[in-house]
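For reference, the structure is listed below as structure tokens.
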Amino acid sequence: MSNQESLTNICRIGVEGRSCEFAVLKKVFSLKEISTYGTIRLTSEGICAIYVNGNFVEAHKGRLPNRMLYAEITSHLHVGENEIRLVSGAHYDQKTANEQFGARQFHFSSVAAEVTVTTESGTLRIPTDDTWDYECEDANACFTVCGQITKAEYERFWLRAALWRERSADPAVPQAIKDVAGEAYAAYAASEEPTYAEPIVYLSDVLPSTMVGADRPEMVKKNERYAIFDFSRLVVGYTVLSYECEEDVPVTLLYDYTEITADFNASKMVERLQIQTTLKKGSTELQLVRRRAAHFVLVKYPATAKFRLKGLRMRLSMLPSAQKGWFRCEDELLNRMWEVGKYTLQVNKHQEYESCPRNEMKFFSGDGIMDALVDYYAYGDSGLTDASLSYTEPYISVGLRPDEHDRNAALWDYPAWRMIMYHNHYLYTGDRSFVEFYYKEMVQLIRWMINRIGSDDLVYQHPVYFDVFFSHSDATEYSCSEHRLGRKTYLNVLFYKSLLCMADFADLMQDKRAIEWRELAARMKAAINKVLWSEQFEAYYDQQQPDILPQEGNALAVLFDVADEMQGRKVFAALEKYNWSPYGSAMLSREVKHTRGGISSISPLMCTYEAEARFLHGDEKGALELMRRCWGTMLAKGAETFWEFTYNNGSDRWPIPAHSWSAGCTYLLSAYVAGIRPAKEGYGKLLFAPVAELTEFECVVPTPKGYVAASCRTKEGALHYTLALPKGMALETKLPAGATLEKQYY
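The numbering used here numbers the first residue of the sequence shown as 1 and each following residue consecutively.
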């Protein structure tokens, strides 16, 4: 194939040589009839906001290669002349953008897009190319075609992007589902997500505020005026300023995501990710196009400016979902867990599952696997899983290994989590084409893992080589430890599970290597039980640290059936003896500074896996108790989103909130407490296996075959369940003793 044959007609339009940051690409086109459906796919280097006929659609943060924004624009189109405007800016982090400008003496950005408009007469496709017009305040700016999207890129990234829908409510919930779930769910299902978040004025010298008499923040100079706005919890979106000014006025905005208002210290707001802009003369409302996450926003400007700040709000930016799951029970603590977990996921749903909407802002496979599980239950959404897995950079965080001989890669556990994430996705969706698309990549991953397995059928964790001049990551695993080495139960169990997942995919693809992968998995299981079982703990351990009981390795050994039933009971007892506290299950049984402090820290992610293992192996009471200790403690500490980790005490708050890998309680409540899970891929068969610990609940789960709803009530001293499910869906049940079930097919 010639180079030309490998290219699409979508051009990357670069804007270089300009002194002002923003430039505009625009295209005018006419429609003779109303559009039935319209979308835009876009990728950019640097931020890029989309406007259709003057209406803001969304913005692309342009922070990492090949990230895609795929948005519906149907409602903004009309018969006659239409205009698409792409407002292209520099780096997402304005401080970095300014540093780059200082070195280059010009701003650079690029954008590639494809607009698709469908009418009754056909489909119109409008790619970015040299026929688009442009605008820039700098007359010396140069707009140039700096490349074309390849067909391989289009298939890999563009076609697998998650759709930013215009509709966030689903009015088509079947009546049978509403009848079982109740009026509260019916109202929730019909509701639309708000467009804006409205704050209160926390502290200000120009607006009435709640903190009257508080000290002036240190970063506000004496010749500046200011206002601090409080959104009551972390929100994500685009800042909108309402103002009047008689002259152009420079303003600076600082963003703070302190979780608890009582912890907020206005004098310690940092300048990272601040935004500086100039407000033009007049009375208007200005929406910024750099997305930010914040609980508090500070606005400051010169005291001498002829300016009146009227207000501030946030236009929310979270991927809309068409479907909505639900969980309610008699225990309000569990209800609060489900809701906060759902919201923690929601603020991380953008063009990919973001590990955190303010810090990492990118997909990690070890995080994304839990994001996806929560998403299947909270929103029934699988599109963001596919979009996230399509990304190939940075290959360490997404869990890829382009070279099977790469020994120096960080995060050895993330390829395994990626493999299990593939497997989960197929289980929940039944999408064979998904497996076919990624199969070659799966084989590459399993070959990399096999190359790490020694003649003893175990994996030895080597350190990541530290380059004193350049090293992007030296962490060996999810905990960010650089020094947790050797034969670890955690890593070996993950590789074992990956081999089984790969063998399942090989069966599907009629690949005879399934036999050798299962044989190797069996040898690994035997080696783990022979070498890494501790008679002292009566549980699994890490060979380099035989005096420490690791939570995650033990939890996963039971969850993935490396342990037999007797070993599983011993593991649960050992964890309760050595790792449990009133606040959860500690990562390690004693202090280890290089692994998040060891016993001083708790991983909500790993508490999810421990609780899941307990649910699956007969310890329902222990699972619920662990949930109340881990997530209940965070809520008691005031959490509005769940944290990356949490301290193993009753008072200290982890400084980094909104990590959706910690939202697993939402998954557990729907999948195990209410007991709704796929027994066959794509819900070809539904498993209904509720726990006996709750006497009243309602749960709704969106599935590829339709909604499933379950309710529980106590009648004459016995549990009675009602289950609504689509006609033709096979059903397997595991009910508590003495319980009855009424099935309603729709």
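Just so you know, even glycine gets a beta-carbon here, dropped at the ideal spot from N, CA and C.
With 16 or more neighbouring CB atoms inside 10 Å of its own CB, L203 falls in the buried class. Here V347 is not near V270, since their CB atoms are 9 Å or more apart.
The stretch 599-608 and the stretch 624-640 touch, with no fewer than 3 CB-CB distances between them shorter than 8 Å. Here the stretch 433-442 lies against the stretch 497-512, with 3 or more beta-carbon pairs under 8 Å apart. Burial check for Y37: the Cβ neighbour count within 10 Å stays below 16, so the residue is exposed. Inclusion of G89 and F143 in the CB contact set at 9 Å is not warranted, their separation being larger than that value. Apart from sequence neighbours up to five positions away, the residues of its chain that approach K26 with a beta-carbon distance below 8 Å are E83, I84, R85, L86, W132, D133, Y134 and E135, ordered along the chain. In this structure, the CA atom of V79 is about 34 Å from the CA atom of K281. Taking one beta carbon from each stretch, the stretch 329-348 and the stretch 256-268 have fewer than 3 pairs nearer than 8 Å; the two do not touch. Classified as buried, Q551 has 16 or more neighbouring CB atoms from the shown chains inside 10 Å of its CB.
With fewer than 16 other CB atoms across the displayed protein chains lying within 10 angstroms of its CB, P250 is exposed. Distance from the CA of Y540 to the CA of M606, rounded to the nearest whole angstrom, comes to 15 Å.
Here the C-alpha atom of E482 lies approximately 14 Å from the C-alpha atom of G598.
When C-alpha distances from C665 are compared across T695, A623 and K637, the shortest belongs to A623. Beta-bridge analysis with DSSP links T703 to G706.
If you ignore the 5 residues before and after G650, its C-beta comes within less than 8 Å of the C-beta of P582, Y583, T633, A636 and K637, all in its own chain and listed in chain order.
Here R484 is buried, its C-beta having at least 16 other C-beta atoms within 10 Å.
DSSP places G54 outside both helix and strand once states are collapsed to three, so it counts as coil. Within a 10 Å sphere around the beta-carbon of L494 sit 16 or more other beta-carbons, which makes this residue buried. Given a length threshold of 3 residues, each whole run of the beta strand (DSSP E) inside the stretch 205-270 is given here in chain order: 224-245 and 249-256. For A197, the closest alpha carbon among the candidates G684, E330, N529 and F296 is that of F296.
Per DSSP, the unbroken alpha helix (DSSP H) holding S365 starts and ends at S365 to A378.
Judged by DSSP in its simplified three-state form, I200 adopts strand. Beyond the five residues adjoining it in sequence on each side, E591 comes within less than 8 Å, by CB distance, of G597, G598, I599 and S600 in the same chain, given in chain order. DSSP places M314 in the strand class (E or B) of the three-state scheme. Rounded to whole angstroms, the Cβ separation of G383 and A162 is 4 Å, and the two are in contact under 8 Å. Counting C-beta atoms within 10 angstroms of its own C-beta, G717 has fewer than 16 neighbours from the protein chains shown and is therefore classed as exposed. If the five residues before and after V691 are omitted, its C-beta is found closer than 6 Å to the C-beta atoms of E620 and V673, all from its own chain and listed in chain order. Rounded to whole angstroms, the separation of the alpha carbons of V111 and A522 is 50 Å. Under the three-state reduction of DSSP, N82 is assigned to strand.
A distance below 7 Å between beta-carbons, with the five flanking residues on each side excluded, links E224 to the following residues of its chain, in chain order: K300, Y301, P302 and A303. At the C-beta level, Y343 and Y414 stay beyond 9 Å of one another. Here the C-alpha atom of I453 lies approximately 10 Å from the C-alpha atom of Y496.
Counting other Cβ atoms within 10 Å of its Cβ, R713 stays below 16 and is therefore classed as exposed.
Taking all protein chains in view, the Cβ of G675 is crowded by 16 or more other Cβ atoms within 10 Å, so the residue is classified as buried. Contact between C356 and I656 holds, since their C-beta atoms are separated by about 6 Å, short of 8 Å.
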